[in-house]
Structure formats: C-alpha cells, structure tokens
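Reading the sequence shown from the start, the letters are residues 539 to 687 in this note's numbering.
This report refers to the structure that appears directly beneath it.
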Amino acid sequence: MMDDTIVAISTPIGESGIGIVRISGKNSFPLAKKIFTPSKKSKINWSSSFKVYYGWISDPENGERIDEVLLTLMKAPRTYTREDIVEINCHGGLVPLRETLEVCLKLGARLAEPGEFTKRAFLNGRIDLAQAESVLDIIKAKTEKSLQL
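This is how it looks when you write it as structure tokens:
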C-alpha cells in the first residue's frame, strides 16, 4: 500500500477560484509528465524541488485539454509525506477538479483514503502520533476556541 501512488482533491468541493489535486508517491513525477504540458516559456526541471510551472493538464488518451494550471513539484524527502509530491492548482469547481483527478486515476494512481497523506507522513517518520492527531483536530475545528484546546 505504501508503494503505490495516491491522488486526492485536497480542497473543498464547491465554487472557488482555485482547487488543488495532490499526488504523492514514487510515480507522481512520471504521472505528471504524462498529463502536464508546460507553456512555451516554461522549461521543467524534473530534478528540482519546490518549483512552480504554468501550463495545461490534458488527457493523454485524446490530447484534450482539461484545464489551465500551476504545477508544483516537491521532491522527497523534504515533503509532508516524505515522498515525491505533485500539486496541481487548477480552477475551482467540480468539473476541472474531477477531470484532473480522473486522468490521474486512469494512469494508475489510487484514490487516497481520508487522512492517508497524514498517515504516510506518520509512517515515514515526518510527524509523530500527537502531530498526526493534531492535524485531524485542526481539520475538524469549527471555532477558534476549539483550535486552542
């Protein structure tokens, strides 16, 4: 399970300016290479980390463009999961997020379970158990007071 590449929509579904699809695992960069086309001005350095590139996500089966995006590459081990991570910042809303997610799934990524990015961070020694539990508390917090507890 830890050897596979996972993908999930990391922002709430709804109307918004930006939505994020996150990919983590050893095949995240090869997967991104198949679906991302940089703008003519962008030269991608796949060996660099924490770089952002402008371009498009496309379906490799038919070449159809899905969305105009910003793609961020983050190399292991200096990431949340201590695995290679790709974050795709696409337009918010259901259609671009769902289609970006679906193309990743078609190329072999597995849909992440709820909390799986944090689980990987814990299992890979990035965070301890108390920190992992704190992440859940922060996500579930409804008020500023509950964040302080």
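Glycine residues also receive a C-beta, built at the ideal position from the N, C-alpha and C atoms.
None of these values were measured; they are calculated from a predicted model.
Pairing residue 664 with residue 620 gives a Cβ-Cβ distance under 8 Å. Taking the Cα positions, residue 553 is about 10 Å away from residue 633. In this structure, residue 545 places its C-beta atom within 8 Å of the C-beta atom of residue 650. In this structure, residue 549 sits away from residue 566, with a CB-CB distance that is not shorter than 8 Å. Residue nearest to residue 578 within the set 584, 594, 587, 569 is 594 (criterion: CA-CA distance).
Between the region 645-662 and the region 583-593, the count of C-beta pairs closer than 8 Å stays below three; the two stretches do not touch. If you check the CB distance, residue 656 and residue 670 come in under 8 Å. Per DSSP, the beta-bridge partners of residue 589 are 611. Here residue 607 has 593, 594, 595, 626, 627, 628 as same chain residues with Cβ atoms under 7 Å from its own Cβ, once five neighbours each way along the sequence are excluded. Check the Cα spacing between residue 642 and each of 674, 661, 654, 624: the tightest is with 624.
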